[in-house]
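J.:
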Amino acid sequence: MKVNSNFFRLASKKRLVSLSCATALASFALIARPVFAEELTTDKPTNLDTTTVTTATVETTADLVETHSSSAVGLSETSAASTTENVSSNSTETANPLLATSEATSDSASQAGSQSQAASESPNTASTTASTSTVTSTATSEANSNTPATSSETNITGGEYYLGDYGLWHYRDANGKDLVGPQTVDGIKVYFYKTGAQARGEFAGDRKYYDNEKGALVTNSYVTYKDDTYYIDENGYALKGPHVINGVHVYFNDNWQPGSTGAMLKNAFGRDNRYYNEKGEQVDFGTNNYFQIGEDWYYAGSDGAIVKGPQIIDGKQVYFEKESGKQVRNHFVKDASNPKKLYYYGDDNGALVTNQYLVAYNKQTQRKERYYLNAEGTPSLGEQTIEGKQVYFDPQDGRQLFDVFSSTGHYYDQDGILKDFGTNHYVNIKGNWYYVGSDGAFVKGRKVINGAQVYFDKDGKQVKGDFDDDNNFHDINDGDLVTNRLVTVGDKSYYIGTYNKAIKGATVIDGIEYYFDDTTGVQVKGDFASNGKYYDARSGAPVTNSYVQVGQDWYYVDKEGKAVTGEHTINGDHVYFEDYRGKQVKGNFAENGRYYDQHTGALTDLGTNRYVQVNDDWYYIGSTGTILKGQQTIDGVEVYFDTTTGKQAKGVFINEYGSAENPNYGLSTVKFYDKDNGALLKQQYFNFNDNWYYADADGTILKGAHTIDGVDVYFDKSNGKQVKGKFVTESGDVSDSGIHYYDKDNGALIKGGYFTDGGHWYYADDQGNLLSGEHTINRIKVYFNPKTHRQARNTIVNGYYYDKETGAPHAVPRNQFIDLDDDLYYFDSEGKPLTGKQIIDGKEYYFRENGSARRGDFNFFGTGPYYDKKTGAAVYKAGLVEVGNGQWCYINDKSEKLLYLQNIDGKLYYFENFRAIYYTSGYLAKDRVLSPEAEDYDRNWTANTTEVVKSEPYAYYYFDADTGAAVTNQFINWRGNTYYFGADGKALVFDQIIDGKHYYFDEQGKQVKGQFILDYNGNLYFDDNTGELLTNTIRTINGKTYSFDKNGKSTEI
């Protein structure tokens, strides 16, 4: 941590020398307990000199409880390490410096844990006192300090401690009943949950702390719990707020700061606005002084506490964040009484900036903007005269505007300077006409100029050849209002009536009826109007007694101009028009079952009693010359034609209602017609979409169990697919397990022998029923799972180990690891699998409730430690570790995941935490452009102060696809966008000179190509291909020609 102060002062410091003791539980698990039982160390200060300074480094080891019935007992280890900011690790590994292994683990551990504990045993717990500002205590002798506190409650004796489920301690009283709640047992205050499990090494349901060794109530002592330090008072409760303990000012979380209530504050400010260092000791920064912590500045006031909010220091107006007390530098701050009002504090000394221009990032426009900070220190708004020049600033946020009209109608050019156009005349700007009024401003709205009724839009641009905001039409030449005239806007025509607006509906003009859309007023041409009539594509006049075309379709309109339907004879040809809209039938069969020519639409005789092919589909012409539909028998062959279209069914299933059927959702009666000749299939197997089916003598698709040609087979009872390489349940469902199995090749029911599926062994009897339970086969006793029917191989069932080769039973291995179906187990001296947290040969493991070891994964909710992918041993060495889903995490020497942006061996990495609320992921980001700041803000938005407005965009990084390290000093193309990442790994933004070339990048670092950028530098254009700024050239862009000067500023020619 970087701590700087601009004064020097000597002060005596009092340090507490503490010893750490870690003890063992027989095993660990969480069940029906309100708090996770974690390991703690209890620091017992005795005979401390409160007037001298003593510093010591104490290395602690685990004090283990000796036990006798298990070869491996549960143990939680703790280690104390002070944390500092701005620290980078220096690895000496020769391979991958980030890669962690399970080499570094605890050195030793006791083996054996007792299954019962005599109630009369005295806990090996030292009770020590420490004077605080709120707790009065006196020093005791060493003998007295080892005596546990006695309870004034009923003292229970004569019972017995025992290990219950999941390796948790219980106490059975003399009547054989488990104790619950707070109790005094053999003079020791203890606590039991509702389940009877004893609280050890944790805060219990009564919010008091009980030690890890015997579960005795702790008083007047420091403890370490879940990596946090607490001080337990004389009643067993954790202190909160500021206190003086052994002459040292400390502070315990009182729900004001993030973190656990009662935890000692470290590297943080307390509610008292004092800073507490990595040891939790209050730091004296003196009074009336600036000081720095990390990259942030603070100011200690006259009482030594940091100041907050607006302040005047050394005659300068400065500001400190209201929540954190950090001095604001290079940021805007919102006015407390008016959030829209901003003040800017500079980056050198944090002083309020006044009477000068400022370039700062604008979050709304997502680019840098220019402001002018007035005498009050707030951005100027609207039209202003600054340094003799008339300029214009956005009335809302104060950014200077360029090439724009002000709200008063004045025009400000590309340099942001007011342009004087004189008075009372038209001017042309970039091809648009404006009118300058008597006050020199551009007029807006409706005006009468030189006798013409003209209109200017909200920007002052004159409306010509278009409708104004009141839907009145203005002439394209002089802009005057138009009446009783046909006009064209783009490719659309309108008729402007007497009142200057477009008419709608049917209208007679010069004796001819026209039609204008009922909603938009656009003239209908080459289409049918809402009145059902067709209007000519060129003139817009109605058409009668003629063929007309709309899109690709033909119609015939009668004497009223409306489309005819059904059969007609026109010009001697028999033709047909669809009954619904009147579209002419061409190259297809009509509703009457006859065919009409694809070119002329004339009725065509295709003969009788014959198949014909039309548009890749087959039909059959009957004796009447019309196509057949439905079920038919032709030349002795049963076939089927669609009941609506007459298309022959080929290679499809037809259900009992005559519709094509999806075979996955078949009805009770489904038939299949051959894909080649369309014949109904009967008494045969057939393949459809790589699945086999069987059609019976009636052509119905079989379902369920059947015997075909002497072979027992099964077809899915829902869709008729033949079952192959699958099980069938007692209820007839196809499943991954069941009572029958059908061969994967021919689908025959397996009978009388062993077979495998999915790597598992099964045995079917002579009737095809799968065995379950115990059996003797080939003189070998074997076992099959009663539910799945899988044979027990390389597993343990009912106290026996069944081997991998034959499935024969053997005695369960003792005191060793064994790999069962790719899961690792450890069986104790009684042949029982260990569960929970265990220490075996000095290494830490965790076994789930089923006995399998965690491997290649972390503990609950993604927390540490990490268990090695191969051995399962906990890893306590800093480096990268691979988790089960192919992701990588980085752990420190406490086996804790690093999160978010990290500097490791001089390189930046980012560890994402997608599910930060419930689960700690910590996955290494690879091949990604991201902003750690933006992601952290979105994740923890409630922790960010709101009075400070950022004055720079988020920093973006690219993390390499292979190593995950942030790249530096190079262009990167990622997902179609080009970035340049600088020496610090951050993507460059806005104007940049790289290798002597001028580029522009947006607020996320994406390079701008083929675009204009209009800002305080002018209207600049960056090349479509290279992205370089255009200078000293002429270029035509989007049909307009521009000249670019030496600075890149453009002028339209």
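In my numbering, the protein residues as written are 598 to 1650. Beta carbons: idealized from backbone N, C-alpha and C, even for Gly.
Sorted by chain position, which residues of the same chain lie with C-beta nearer than 8 Å to N1644's C-beta, five sequence neighbours on each side aside?
T.: If we look at N1644 and ignore the five residues flanking it on each side, its Cβ neighbours are N1614, G1615, T1628.
J.: According to DSSP, simplified to helix, strand and coil, what is F1641?
T.: It is a strand residue.
J.: Between which two residues does the beta strand (DSSP E) holding T1392 run?
T.: From DSSP, the beta strand (DSSP E) with T1392 extends over 1392-1394.
J.: With distances taken between CB atoms, is the gap from G1076 to V1060 smaller than 8 Å?
T.: In this structure, V1060 lies closer than 8 Å to G1076 by Cβ.
J.: Which word fits K1594, buried or exposed, when buried means at least 16 other C-beta atoms lie within 10 angstroms of its C-beta?
T.: K1594 comes out exposed.
J.: Nearest by alpha-carbon distance to Y763: which of Y1487, K1268, E1446 is it?
T.: Of Y1487, K1268, E1446, the residue nearest in Cα terms is E1446.
J.: Can you tell me whether N1500 is helix, strand or coil according to DSSP?
T.: DSSP places N1500 in strand when its eight states are reduced to three.
J.: To the nearest angstrom, how far is the alpha carbon of D803 from that of G833?
T.: Cα to Cα, the separation comes out at about 10 Å.
J.: Exposed or buried, what is I829 when buried is set at 16 or more other beta-carbons lying within 10 Å of its beta-carbon?
T.: The residue in question, I829, is buried, as its Cβ has 16 or more Cβ neighbours within 10 Å.
J.: How many angstroms separate the CA atom of E757 from the CA atom of Y788?
T.: Distance between the alpha carbons of E757 and Y788 is about 15 Å.
J.: Between the alpha carbons of I1634 and F1609, how many angstroms are there, rounded?
T.: Near 10 Å, if we compare the C-alpha coordinates of F1609 and I1634.
J.: Using only the alpha-carbon positions, how far apart do G1163 and Y1173 sit?
T.: Using only the alpha carbons, I get a separation of about 5 Å.
J.: Which first and last residues belong to the beta strand (DSSP E) in which P1260 is found?
T.: That residue, P1260, is in no beta strand (DSSP E); it is neither H nor E in DSSP.
J.: Please classify A771 as buried or exposed, where buried requires at least 16 other C-beta atoms within 10 Å of its C-beta.
T.: Flag for A771 reads exposed.
J.: For S1334, which residues in the same chain have their Cβ closer than 6 Å to its Cβ, ignoring the five residues on either side in sequence?
T.: The residues are F1324, T1385.
J.: Check whether the segment 1555-1575 and the segment 931-950 touch, using three or more Cβ-Cβ pairs below 8 Å as the test.
T.: Flag = no, the segment 1555-1575 and the segment 931-950 do not touch.
J.: Taking Cβ positions, are I1298 and V1267 nearer each other than 8 Å?
T.: Against a cut-off of 8 Å, the Cβ pair of V1267 and I1298 comes out as a contact.
J.: Return the CA-CA distance between Y1473 and S1528, expressed in angstroms with no decimal places.
T.: One C-alpha to the other measures close to 30 Å.
J.: Determine, using beta carbons only, whether N1074 and G1094 come nearer to each other than 8 Å.
T.: Against a cut-off of 8 Å, the Cβ pair of G1094 and N1074 comes out as no contact.
J.: If V1409 sits next to Y1397, beta carbons under 8 Å apart, how far is it from one beta carbon to the other, in whole angstroms?
T.: With 8 Å as the limit, V1409 and Y1397 qualify as a contact, their Cβ atoms being about 7 Å apart.
J.: For Y896 and I903, I'd like the C-alpha separation in whole angstroms.
T.: About 5 Å.
J.: On a CA-only basis, which of D808, Y1112, G1481, W1215 is nearest K786? Give me that one, please.
T.: Nearest of D808, Y1112, G1481, W1215 to K786, Cα basis: D808.
J.: Span of the beta strand (DSSP E) holding V1024?
T.: 1022-1026 is the extent of the beta strand (DSSP E) around V1024.
J.: Rounded to a whole number of angstroms, what is the C-alpha to C-alpha distance between Y1023 and K1044?
T.: Their backbone Cα atoms lie some 13 Å apart in a straight line.
J.: So, for N1068: in the same chain, excluding its five sequence neighbours on each side, which residues have a beta-carbon less than 6 Å away from its beta-carbon?
T.: Excluding positions up to five away in sequence, the list reads K1098.
J.: Tell me which residues share the same chain as S1640 and place their Cβ nearer than 6 Å to its Cβ, disregarding the 5 neighbours each side in the sequence.
T.: Only I1631, T1648, I1650 meet the Cβ criterion.
J.: Under DSSP, the beta strand (DSSP E) around E1371 begins and ends at which residues?
T.: Segment 1370-1374, the beta strand (DSSP E) holding E1371.
J.: Report buried or exposed for G1580, applying the criterion of at least 16 other Cβ atoms within 10 angstroms of its Cβ.
T.: The question names Gly, but residue 1580 in the sequence shown is Ala. Exposed: under 16 other Cβ atoms inside 10 Å.
J.: Could you have a look at D762 and say whether DSSP puts it in helix, strand or coil?
T.: Helix at D762.
J.: With C-beta atoms as the reference, is V880 less than 8 Å away from Y873?
T.: Cβ distance < 8 Å, so V880 and Y873 count as in contact.
J.: Determine the extent of the beta strand (DSSP E) in which G1439 is found, giving its start and end residues.
T.: Here G1439 belongs to no beta strand (DSSP E), and DSSP marks it neither H nor E.
J.: Going by DSSP in three states, P1529 sits in which element: helix, strand or coil?
T.: Reduced to three states, the DSSP call for P1529 is helix.
J.: Expressed to the nearest angstrom, what Euclidean distance is found between the alpha-carbon atoms of K965 and D1599?
T.: Distance between the alpha carbons of K965 and D1599: 10 Å.
J.: Helix, strand or coil, according to DSSP, for G1123 in the structure here?
T.: DSSP places G1123 in coil when its eight states are reduced to three.
J.: Leaving out the 5 sequence neighbours to the left and right, which residues in its chain are closer than 6 Å to V1526 when beta-carbon positions are compared?
T.: Counting only Cβ-Cβ distances below 6 Å, and skipping sequence neighbours, we find Y1553, Y1555, W1571.
J.: Counting only the same chain and skipping the five closest in sequence on each side, list residues whose C-beta sits under 7 Å from that of D1621.
T.: Taken in chain order, the residues that qualify are K1606, G1607.
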